[in-house]
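A.B. asks: The listed protein sequences correspond, in order, to chains Y and V. With my numbering applied, the first sequence covers 3 to 530. With my numbering applied, the second sequence covers -14 to 337.
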Amino acid sequence: MIKMRGGGVGVSARAGRFGGSVAETNAAPQRLQVAGMTKRFGSLVALDDISLTLEAGAFHALLGENGAGKSTLVKCVMGYHAPDKGTVILGGVEQTIRGPRDAHALGIGMVYQHFTLVPSMTVAENLLLARADLPMVIDRGAEGRRMQEFVKDMPFKVDLTAPVSALAAGEKQKVEILKQLYVDCRILILDEPTSVLTPGEADEILGLLHDMTMAGRLSVLMITHKLREVMAFADEVTVLRRGRLAGRGKVEKLTPRDLAEMMIGSSEIAAPAERAVQTNGRERLRLERLCADNDKGHRAVSNVSLFVRAGEIVGIAGVSGNGQTELVEVLAGQRESSAGTVTVHGEPYTATRAEMRRHKVFCLSEDPLRNACVSRMSVAENLAYRRFDEPPLTLGRWFLNRGAMRRAASDLITRYRITVSSPDAPAGTLSGGNVQRMVLARELSGEVDVLIAANPCFGLDIAAVAEIRAQIMRARNRGAAILLVSEDLDELFELADRLVVMFNGDLVYETEIAGADLATVGRYMAGH
Amino acid sequence: MRPLGGKPRGAAEALIIPAGALAVSLILFGIFVAFAGANPLAVYRTIYRGAFGSWFSWQNTLQRAAPLMLTALCTALPAQVGLIVIGGEGALVIGAVATVAMAAVLPGVPPPAVVAAMLLAGMGAGGLWIALAGGLRHYRGVNETISSLLLNYIAIALMNHLVTGPMRDPAIVHRPSSWHVGEPNMIGLIPGMDVHWGLVFGVVACAVTWVLMEHTVFGFGARVVGGNTRAARIAGLSVGRLALITCFIAGAAAGLAGMTEIAAVHGRASSSLVAGYGYTGILVAFLARQNPLAVIPVAILLGGIEASGGLMQRWHDLPDATVLVVRGIIFLVILASEPLYGRFRIFQQRTA
């Protein structure tokens, strides 16, 4: 585990600057207690008697897998959900919070995973917009002066006059935080605040927040599933698992291993597949000056050239929205390229069904329910997608062999341990991990020459992630050429043989994984 | 929109919700007739009698159900590929005009050959008409619902132009009409019934298209396209081809309805073809949850309501438009019941 606090931005040098005088003007945060919080959705117990104490000036991490109940807990605190049982106690006084407005009035603010800024307005206007008590007529001069004062003693430096649309993701996240501070929220709840940031940006922002808590100006409750961030920045941690308290404690007394065990419990985790040594395989996939436009008709992928050999995983790193989605869509046949060529096995490739079959090209797409399945068709039908029109799944040339389709599905369901009541259940009733396992069974059960994978583990729990990564590695070891697009650098460093960085539609950096350096990759991702 | 209830869970839901919607519509209609001064219970009884009370009314009902089955397919089939097409009326009219034209260019040819040619002409013209809406959608991004609706008006205007001009038979004075296709070329009635062959065409078309959608390679691809276009593209399916062929088959069904209206009922094209079968067909398709097989009983049900219209007027002194009111109420209630799917836990299957 690498400690990267501050990300080389010189935060620690600045940290000493806000001491007594600033803390006097800004009231210190109060201690926030959540007691016996219980929330049911129908028969599902989302939260089971959870208690948590956020001390004044603490940096507290709320850790857990997807679906563990982290978001439900903070939504109960913010008043989005009415809890079935439990109370919120602020500074020793029990509070009834009926909605975010009540929460703001008490000085509790929340920063969401996705931005809630108005892109066409300036930073100053966005800050102003956050005020609950905006007057009918805004005295821009007075507000401007007030804002200058405010920003002066904030460690976050953002240009107030810049339109939000011109800011990078890290800057936008800073504005989100400033917005909460501007309306005098001293208890800040952050929901996965770093998921859209580069590692460098994440470390900078978390470092600044950490310093503000150290100075006693702020309490932070951060939802996350990244162990690294917890270890590097948090003082205390509460771990949830399936709606129950799985552990809590001071971070300094815990190891990443302890935390991982609390998060996933006793469920077994597939061991990472060994990376078999491959001699230089033959080139399978080649992109030559490939260009593509996004939905708005703007150039999203520009002149991307790249090749992937058999038995090799080439990883594409990048902050989301830099053209990776469009690139994958072109390769998967969901988008037309505007220029350039794709060749597989040296032959031109346009992602028709015949070409996919001839060249054994398969695809693991992100968000499979949206991209690769029909939720109202059955699991058996979804599993038959690639082969429904060839023997043995056909009768004669024209008719489907439903029996064979069902048998093939049952076989795959067993082999890939898909949890489903019957092959006839609609795919939409499966959980996220099972949907991805279903797609995996369909795409990787046969011979694979080329695999396009895009964020294949996004939103899945640790056990499912380990299993899917092992499958991808095994496909590589069997000789598949794999192009892996991912926003998760850990995933890329674990799986890839070679790494390229995509920024603004362009490939800007390439390195063998053996010599790759996280900080350098992060810099290229941010466009430096 | 969720065409084809398919599996067990969907089946019960797809039966009970439309049945409930139908019941609610009849209650609302009862309130309407009460305001119009009639006794709702008596009106319900009249509807039953007029639709299914005797062999005579059954035949009347089936006669009306025949074109409804075919025009309903014009909406139900495109729904399988995710398109909402409401152009059945236009495809029927175009199919009818093509039928008359085909008969006119084959004078002196033996009747069986003329009937076969008329079939092909009607189906081909209707198919191309709806494929045009599908093509506009696929190649130019034009909303297929709106374009198919507008194509209805174009089809009707085109027919009016032809029957008042180039195709007009001057011997008919009370209503501009085209030439007759010739008595020997009429297909007549099913032996032993007072119902024309259109009923057989309708039932066969529903059964064949159901098999096509549920049990063939083509249908599988079409349903993938309708369920998730992005997934279809990842599987390398040619989305445009599947959608266009499906639209063609849908239009051909409505064109076949036009052909039977000519060759079994009217003999000539005129404004009496514009009887609303296309629009009632949309209603049938929605009530049948876009399932071609379910179209058969639903078409008979709505055919019955239409058949009882005359009795309702005569016995209860209700206005002419009463049948239109029933149709409108049912359509609104069906659309309003759409969000109820998936809301009732009793229909949900428990899965991990």
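C-beta atoms are modelled at their ideal positions from N, C-alpha and C, and glycine is treated no differently. Source: prediction; values computed, not measured.
In chain order, what residues of the region 227 to 242 of chain V put their CB closer than 7 Å to some CB of chain Y?
C.D. replies: Listed in sequence order: no entries.
A.B. asks: From V:V9, V:A4, V:L134, V:F17, pick the residue whose C-alpha is nearest to that of V:V308; which is it?
C.D. replies: What you label residue 308 of chain V is simply residue 323 of the second sequence in a count that begins at 1. Looking at the Cα atoms, V:F17 is the closest of the given residues.
A.B. asks: Assign Y:R372 to one of three DSSP states: helix, strand, or coil.
C.D. replies: To locate residue 372 of chain Y, count along the first sequence from 1; it is residue 370. Note: Y:R372 maps to helix in three-state DSSP.
A.B. asks: Taking the alpha carbon of Y:I75 as the point to measure from, which residue in Y:A164, Y:A528, Y:P85 has its own alpha carbon closest?
C.D. replies: Locating residue 75 of chain Y in the first sequence gives position 73, where the first residue counts as 1. Residue 75 of chain Y is actually Leu in this sequence, not Ile. With distances taken between Cα atoms, Y:L75 lies closest to Y:P85.
A.B. asks: For the putative contact between Y:S322 and Y:A294, defined by C-beta atoms under 8 Å, what is the C-beta separation to the nearest angstrom?
C.D. replies: The count along the first sequence starts at 1 and reaches residue 322 of chain Y at position 320. The count along the first sequence starts at 1 and reaches residue 294 of chain Y at position 292. About 16 Å; that fails the 8 Å criterion.
A.B. asks: With 7 Å set as the bound, which would you pick, yes or no: does the beta-carbon of Y:T354 sit closer than that to a beta-carbon of chain V?
C.D. replies: Locating residue 354 of chain Y in the first sequence gives position 352, counting from the first residue. Closer than 7 Å to some Cβ of chain V, the Cβ of Y:T354 qualifies, so yes.
A.B. asks: Run through DSSP, which three-state label would Y:H116 get?
C.D. replies: Position 114 of the first sequence, counted from the start, is the residue given in the question as residue 116 of chain Y. If DSSP states are grouped into helix, strand and coil, Y:H116 belongs with coil.
A.B. asks: What in chain Y is Cβ-close to V:A88, meaning under 9 Å?
C.D. replies: As a working mapping, residue 88 of chain V is identified with position 103 in the second sequence. Neighbours of V:A88 on chain Y: none; closest Cβ ~33 Å, over 9 Å.
A.B. asks: Between V:R218 and chain Y, is there a C-beta pair that is closer than 7 Å?
C.D. replies: Working through the second sequence from its first residue, we reach residue 218 of chain V at position 233. Yes, because at least one Cβ of chain Y sits closer than 7 Å to the Cβ of V:R218.
A.B. asks: Who are the Cβ neighbours of Y:E127 in its own chain at under 8 Å, not counting the five residues just before and after it?
C.D. replies: Along the first sequence, one-based indexing puts residue 127 of chain Y at 125. Here the set comprises V120.
A.B. asks: Taking Cβ-Cβ distances below 9 Å as the criterion, which residues of the region 374 to 388 of chain Y are in contact with chain V?
C.D. replies: If the cut-off is 9 Å between Cβ atoms, the region 374 to 388 of chain Y has A374, C375, V376, S377, R378, M379, S380, E383, N384, A386, Y387, R388 near chain V.
A.B. asks: Inspect the CB distances between the region 27 to 46 of chain V and the region 290 to 297 of chain V and report whether three or more fall short of 8 Å.
C.D. replies: The answer is yes - the region 290 to 297 of chain V touches the region 27 to 46 of chain V, with three or more Cβ pairs under 8 Å.
A.B. asks: Find out if the Cβ-Cβ distance for the pair V:L104, V:M244 is shorter than 7 Å.
C.D. replies: If you number the second sequence from 1, residue 104 of chain V lands on position 119. If you number the second sequence from 1, residue 244 of chain V lands on position 259. In this structure, V:M244 lies closer than 7 Å to V:L104 by Cβ.
A.B. asks: Looking only at its chain, what residues have a beta carbon closer than 6 Å to the beta carbon of V:A110, apart from the 5 residues adjacent to it on each side?
C.D. replies: Residue mapping note: residue 110 of chain V aligns to position 125 of the second sequence, counting from 1. If we look at V:A110 and ignore the five residues flanking it on each side, its Cβ neighbours are I79, G80, A83, G240.
A.B. asks: Going by CA-CA distance only, name the one from Y:M80, Y:A144, Y:G109, Y:L54 that's closest to Y:L247.
C.D. replies: If you number the first sequence from 1, residue 247 of chain Y lands on position 245. Minimum Cα distance to Y:L247 is reached at Y:L54.
A.B. asks: For V:H200, decide whether its Cβ has a neighbour in chain Y, counting only Cβ atoms nearer than 7 Å.
C.D. replies: Within the second sequence, residue 200 of chain V is the residue found at index 215, counting from 1. Cβ-Cβ to chain Y under 7 Å: yes for V:H200.
A.B. asks: Going by DSSP in three states, V:P96 sits in which element: helix, strand or coil?
C.D. replies: Position 111 of the second sequence, counted from the start, is the residue given in the question as residue 96 of chain V. Reduced to three states, the DSSP call for V:P96 is helix.
A.B. asks: From the DSSP output, in three-state form, read off Y:R471 for me.
C.D. replies: One-based indexing of the first sequence puts residue 471 of chain Y at position 469. Of the three classes helix, strand and coil, the one that applies to Y:R471 here is helix, per DSSP.
A.B. asks: Relative to the C-alpha of Y:P425, which candidate in Y:A312, Y:G435, Y:R33, Y:G405 has its C-alpha closest?
C.D. replies: Position 423 of the first sequence, counted from the start, is the residue given in the question as residue 425 of chain Y. The shortest C-alpha separation from Y:P425 is found at Y:G405.
A.B. asks: Quick check on V:R274: does DSSP put it in helix, strand or coil?
C.D. replies: The residue given as residue 274 of chain V occupies position 289 in the second sequence. Residue state, collapsed to three classes: coil.
A.B. asks: Under a CB-based cut-off of 7 Å, is Y:N358 close to chain V?
C.D. replies: Your numbering for residue 358 of chain Y matches position 356 in the first sequence. With the sequence shown as reference, residue 358 of chain Y is identified as Met, and Asn is not the correct amino acid for it. Closer than 7 Å to some Cβ of chain V, the Cβ of Y:M358 qualifies, so yes.
A.B. asks: Give the residues from the region 441 to 461 of chain Y that approach chain V closer than 7 Å (Cβ to any Cβ), ordered along the chain.
C.D. replies: Flagged: no residues at all.
A.B. asks: For the putative contact between Y:E290 and Y:G249, defined by C-beta atoms under 8 Å, what is the C-beta separation to the nearest angstrom?
C.D. replies: As a working note, residue 290 of chain Y is residue 288 in the first sequence. As a working note, residue 249 of chain Y is residue 247 in the first sequence. Not confirmed; about 52 Å, so no contact.
A.B. asks: Starting from V:V28, trace the beta strand (DSSP E) both ways and give me its first and last residue.
C.D. replies: Walking along the second sequence from the start, residue 28 of chain V turns up at place 43. Here V:V28 belongs to no beta strand (DSSP E); instead the alpha helix (DSSP H) covers 25 to 37.
A.B. asks: Any beta carbon from chain Y within less than 7 Å of V:V209's own beta carbon?
C.D. replies: Working through the second sequence from its first residue, we reach residue 209 of chain V at position 224. It does: the Cβ of V:V209 has a partner Cβ on chain Y nearer than 7 Å.
A.B. asks: Along the chain, where does the beta strand (DSSP E) that runs through Y:V452 open and close?
C.D. replies: The residue given as residue 452 of chain Y occupies position 450 in the first sequence. Run containing Y:V452: 452 to 456, per the beta strand (DSSP E) assignment.
A.B. asks: Taking 7 Å as the threshold (beta carbon to beta carbon), is Y:F401 in contact with chain V?
C.D. replies: For the purposes of this step, residue 401 of chain Y is taken as the residue at position 399 of the first sequence. Interface residue, yes.
A.B. asks: What separation, rounded to the nearest whole angstrom, lies between the Cα atoms of Y:S45 and Y:F235?
C.D. replies: The residue you call residue 45 of chain Y lines up with position 43 of the first sequence. The residue you call residue 235 of chain Y lines up with position 233 of the first sequence. Roughly 36 Å between the two C-alpha positions.
A.B. asks: For the beta strand (DSSP E) containing Y:L566, list its first residue and its last residue.
C.D. replies: This structure leaves residue 566 of chain Y out entirely; chain Y is present only between 3 and 530.
A.B. asks: Here's the rule I'm using: 16 or more other beta-carbon atoms within 10 Å means buried, otherwise exposed. How should Y:R103 be labelled?
C.D. replies: Start at 1 with the first residue of the first sequence, and residue 103 of chain Y comes out as number 101. Exposed, by the Cβ-count rule.
A.B. asks: If you measure between the beta carbons of V:P95 and V:N170, is that distance less than 7 Å?
C.D. replies: Locating residue 95 of chain V in the second sequence gives position 110, counting from the first residue. Locating residue 170 of chain V in the second sequence gives position 185, counting from the first residue. Cβ distance not < 7 Å, so V:P95 and V:N170 don't count as in contact.
A.B. asks: Near V:P3, which residues of its chain fall below 6 Å by C-beta distance, leaving aside the five closest residues on each side in sequence?
C.D. replies: As a position in the second sequence, residue 3 of chain V is number 18, starting the count at 1. Excluding residues within five positions, the ones whose Cβ falls inside 6 Å are L272.
A.B. asks: If you draw a straight line from the alpha carbon of V:Y262 to that of Y:Q336, how long is it in whole angstroms?
C.D. replies: For this step, residue 262 of chain V is matched to residue 277 along the second sequence. For this step, residue 336 of chain Y is matched to residue 334 along the first sequence. Using only the alpha carbons, I get a separation of about 39 Å.
A.B. asks: Could you work out which residues of chain V lie near Y:D391, taking near to mean beta carbons separated by less than 8 Å?
C.D. replies: Your numbering for residue 391 of chain Y matches position 389 in the first sequence. In chain order: V202, F205, G206.
A.B. asks: Distance check for V:L11 and V:Q48, CA to CA, integer angstroms please.
C.D. replies: Taking the first residue of the second sequence as 1, we reach residue 48 of chain V at position 63. Taking the first residue of the second sequence as 1, we reach residue 11 of chain V at position 26. Cα to Cα, the separation comes out at about 23 Å.
A.B. asks: Here's the rule I'm using: 16 or more other beta-carbon atoms within 10 Å means buried, otherwise exposed. How should Y:T215 be labelled?
C.D. replies: Translated into the one-based positions of the first sequence, residue 215 of chain Y becomes position 213. Its Cβ being crowded by 16 or more others within 10 Å, Y:T215 is buried.
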